[in-house]
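Going line by line, the protein sequences match chains A and B.
To get this note's numbering, take the position in the first sequence, counting from 1, and add 21.
To get this note's numbering, take the position in the second sequence, counting from 1, and add 21.
Glycine included, each C-beta is placed from N, C-alpha and C at the ideal position.
Data block below; observations after.
There are 2 protein chains.
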Amino acid sequence: MSLHDLQTLPGVTAQPDTATAQFVFNHTMLRVKDIEKSLDFYTRVLGFRLVDKRDFPEAAFSLYFLALVDPAQIPADDAERHQWMKSIPGVLELTHNHGTENDPEFAYHNGNTDPRGFGHICISVPDVRVACARFEALDVPFQKRLQDGRMNHLAFVKDPDGYWVEVIQPTELKG
Amino acid sequence: MSLHDLQTLPGVTAQPDTATAQFVFNHTMLRVKDIEKSLDFYTRVLGFRLVDKRDFPEAAFSLYFLALVDPAQIPADDAERHQWMKSIPGVLELTHNHGTENDPEFAYHNGNTDPRGFGHICISVPDVRVACARFEALDVPFQKRLQDGRMNHLAFVKDPDGYWVEVIQPTELKG
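So this is what it looks like as structure tokens:
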């Protein structure tokens with residue numbers, strides 16, 4: 022569908038209000054059971070950088086903000102970094118309610134069984150086959166391998182809480 | 022907490038694998054009941070642009086991809102636009118299972134009551150007070166107004182499915 026046709030679909034405002042001109046889709050928040058496992062997955066496996074942490078001891082939770090950026094882009098100055106991380110797209114916020122990691126029965130809901138809602142987050146990579154081979158080597162669990170089903174150009178891995186992480190590449194797969 | 026201290030927290034890999042250097046946190050997917058209402062909310066109220074739609078008639082669902090970008094950045098050429106939208110951060114994917122909008126009983130789960138998981142998405146705006154006044158004028162429902170509770174620098178509005186959308190500004194509020 023052409024860009025023009027997309028702007029004429031029912032519901033679509035083709036010329037957004039200028040009041041929204043500088044709006045940014047800054048972040049997505051997911052609750053996680055074991056923050057150490059989640060930080061390991063998002064930094065070691067997916068390459069995110071931890072750019073902020075905020076503790077709320079009286080309410081027994083902490084917030085972790087991660088960004089998938091070139092480390093050279095991250096301001097070292099704290100105040101500057103806090104402003105920067107609220108002004109860029111593609112931040113992931115992880116909420117850790119203290120102690121959930123010690124309860125063997127505790128689990129969050131990934132949204133893909135009833136009651137459904139949220140579906141997944143998605144990481145774009147230069148080469149989806151290379152990325153998936155690396156995930157296999159790192160023993161990352163898959164929800165859908167490239168060869169599963171009919172959509173052979175995309176895969177889904179699972180984070181430590183079972184949230185689905187889609188893996189795509191911008192260009193068409195060769196051969 | 023300093024950037025250095027953040028990189029030494031348990032679980033954090035401070036120097037991500039070079040294999041992840043070009044990874045991008047591309048999108049977040051939410052299921053929506055009535056796509057026309059959702060497109061209206063995300064384009065008219067929040068300023069997103071619809072940049073792609075994909076139909077899967079045999080499975081009775083469609084995918085809508087929205088980006089909160091300067092319209093001048095969107096490639097007009099379809100192939101170029103498809104590659105571009107998979108290579109940028111901050112895309113929102115809405116999944117519409119056909120017909121849910123006609124079922125008065127049908128509702129998706131926003132993740133903030135049991136079973137919990139996903140929490141919210143967040144929009145960063147130049148001036149959170151101005152943005153919230155506009156949302157009030159547009160009759161957007163609020164989950165939390167600026168003046169509610171202790172966090173007076175942020176608000177939460179609700180999208181047509183009841184998903185929470187946090188509203189923040191990068192700089193400190195004056196006065």
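In this structure Leu-71/B touches Val-33/A by the C-beta definition: roughly 5 Å separates them, less than 8 Å. Along the segment 135-156 of chain A, the positions whose C-beta sits under 7 Å from a C-beta of chain B are Pro-136, Arg-137, Gly-138, Phe-139, Gly-140, His-141, Ile-142, Cys-143, Ile-144, Ser-145, Val-146, Pro-147 and Arg-155, read in chain order. Interface annotation, Gln-104/B: in contact with chain A, CB-CB separation under 8 Å. Beta-bridge pairing by DSSP links Asp-169/B to no other residue. The Cβ atoms of Val-186/A and Cys-153/A do not sit closer than 8 Å to each other. For Ala-97/A, the number of other beta carbons within 10 angstroms of its own is below 16, and it is reported as exposed. Contacts with chain A at 8 Å (Cβ-Cβ) do not include Leu-167/B. With respect to the C-alpha of Leu-60/B, the residue from Gln-36/A, Leu-115/A, Pro-92/A and Ser-145/A having the closest C-alpha is Gln-36/A. For Val-90/A and His-103/B, the gap between their C-alpha atoms comes out near 22 Å.
Ala-40, Thr-41, Ala-42, Gln-43, Phe-44, Val-45, Phe-46, Asn-47, His-48, Thr-49, Met-50, Leu-51, Arg-52 and Ile-56: these are the residues of the segment 40-56 of chain A whose beta carbon lies less than 8 Å from some beta carbon of chain B, given in chain order. Listed along chain B, the residues sitting closer than 9 Å to Lys-74/A by beta-carbon distance are Met-22, Asp-26, Leu-27 and Leu-30. Secondary structure of Asp-61/A (DSSP, three-state): helix. For Ala-100/B, no beta strand (DSSP E) encloses it; the enclosing alpha helix (DSSP H) starts and ends at 99-106.
Going by DSSP, Val-151/B is part of the alpha helix (DSSP H) stretching over 149-158.
Around Val-33/A, the beta-carbon contacts reaching into chain B at under 8 Å are Leu-60, Asp-61, Thr-64 and Leu-71. The secondary-structure analysis by DSSP pairs Ser-83/A across a beta bridge with Asp-76/A and His-117/A.
Separation of the CB atoms of Asp-180/A and Phe-77/A is rounded to 23 Å, and the pair is thereby denied contact status at 8 Å. The three-state secondary structure of Gln-94/B, taken from DSSP, is helix.
Neighbours of Leu-194/B in chain A, taken as residues whose beta carbon is under 9 Å from its own, are absent, since the nearest beta carbon is some 12 Å off.
Around Ala-97/B, the beta-carbon contacts reaching into chain A at under 7 Å are Leu-24. Per DSSP, His-174/A has no beta bridge partner at all. Per the DSSP secondary-structure output, Ala-88/A pairs in a beta bridge with Arg-70/A and Val-112/A. With distances taken between CA atoms, Glu-114/B lies nearest to Ser-83/B out of Ser-83/B, Arg-155/B and Thr-192/B.
For Leu-175/A, no Cβ of chain B is located within less than 8 Å of the residue's own Cβ.
A direct Cα-to-Cα measurement between Gln-28/B and Glu-57/A gives close to 12 Å. From the listed residues Gly-183/B, Asp-148/B, Asn-118/B and Ile-109/B, the smallest Cα separation to Tyr-85/B is found for Asn-118/B. Taking the CA atoms as reference points, Pro-136/A sits about 38 Å from Leu-194/B.
For Leu-194/A, there is no enclosing beta strand (DSSP E), as DSSP marks it with neither H nor E. By the neighbour-count criterion, in which a residue is buried when 16 or more other Cβ atoms sit within 10 angstroms of its Cβ, Asn-47/A is buried. His-174/B places its beta carbon less than 8 Å from that of Val-149/B. Residue burial annotation: Leu-51/A is buried, with at least 16 other C-beta atoms found within 10 angstroms of its C-beta.
DSSP places Leu-24/B in no beta strand (DSSP E) but in the uninterrupted alpha helix (DSSP H) bounded by 24-27.
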